[in-house]
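Each residue of the sequence shown is one higher than the one before, starting from 1 at the first, in the working numbering. Have a look at the structure below before the remarks.
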Amino acid sequence: MTNRLRSEKQEPDPLHLNCQTEVEVKHGVGLHARPSVTFTRLAKSFPCSIEVAVNGSDVWLNGKSIIKIMGARIRKGSILKIRADGILAEEAIRALKELIERNFDEEKKHGRTA
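See the structure below:
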């Protein structure tokens, strides 16, 4: 009988996680139109839910919504908390944090520094 109980017990799914990170926005003008689009497109490429809180706020915004991200008026120096829940959450958090740390790759695209 104990063997049956063990077989019913499920191991945690390494692809379904709840993750969170913090990152400072260093982009010269913050998340204006282009960076917001880049951020939300990347967020939408993951099957998990993604939410963002700005500067310690208790309000969590949908990280896949261009309206919510642009409407937050995220400026240079803002601290973003990004959390993800679901399949590939850890990968999503890592990718979004790296995107912000790379200043949304704008220097490469537009041949200028932010």
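Built from N, CA and C at the ideal position, the CB exists for glycine as well.
message: Within 8 Å, do at least three Cβ pairs link the stretch 75-83 to the stretch 41-61?
response: yes
- prompt: Can you tell which of Lys44, Gly77, Asn55 has its C-alpha closest to the C-alpha of Lys64?
  reply: Lys44
field: Beta-carbon contacts of Lys26 that lie in its chain and below 7 Å, excluding the five residues immediately before and after
entry: Lys76, Asn103
field: Contacting residues, own chain, Cβ-Cβ under 7 Å from Ala72 (five flanking each side not counted)
entry: Val54, Leu61
7 Å CB neighbourhood of Leu42 in its chain, flanking five on each side removed: Ala95, Leu96, Leu99
message: So the candidates are Glu106, Asp105, Leu88; which of them puts its Cα closest to the Cα of Gln20?
response: Leu88
- prompt: Hey, Ile66 and Thr38: beta-carbon distance below 8 Å or not?
  reply: no
- request: Note down, one range per segment and in chain order, each beta strand (DSSP E) of at least 3 residues found wholly within the stretch 20-99.
  value: 49-54, 79-87
- prompt: By a C-beta neighbour count over all protein chains shown, 10 Å radius and 16 as the cutoff for buried, is Ser57 buried or exposed?
  reply: exposed
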